[in-house]
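These notes are about the structure you will find just below.
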Amino acid sequence: MKAILKRPSTVELGELFKRKVALLKRGVNIDTVRDARQLLKEMEDFRTEYPEHAGSLMNWEVELLDGFPGIEEQQRDRALTV
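Okay, so the sequence shown: first residue is 26 according to our numbering, each after it adds one.
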């Protein structure tokens, strides 16, 4: 029997996906918005490190932004104040 070894990037990608799904299921509240912001940052960092996964990550980011109204403006405002 052969063991299937997954590349670290694939494992990390799977974890990001699971966290995205869990956040969307939890609904909008202060904690999930904070967690969604953190996850978006991690997805951005991952996309930079592993550009071959950029398409999937960008779709997931859009799903998060659609699921948490107002988070995009908050992200943009934070970027402008830094």
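Don't be surprised by glycine CBs; every beta carbon is placed ideally from N, CA and C.
If you measure between the beta carbons of residue i and residue j, is that distance less than 8 Å?
i	j	result
L82	L48	no
R51	L64	no
F8	E37	No statement about residue 8 is possible, as the shown extent of the chain runs from 26 to 107 and does not include it.
L41	E74	no
Please list the terminal residues of the continuous alpha helix (DSSP H) segment that includes residue i.
i	result
P33	P33 to R51
G95	Element bounds for G95: n/a, residue is neither H nor E.
I77	Here the sequence assigns Glu to residue 77, which means Ile is not the residue at that position. Taken as a continuous stretch (DSSP letters only), E77 belongs to no alpha helix (DSSP H), as it is neither H nor E.
Answer yes or no: does any C-beta atom of chain D fall closer than 8 Å to that of residue i?
i	result
G80	Considering every chain present, this structure includes no chain D. It has just one protein chain.
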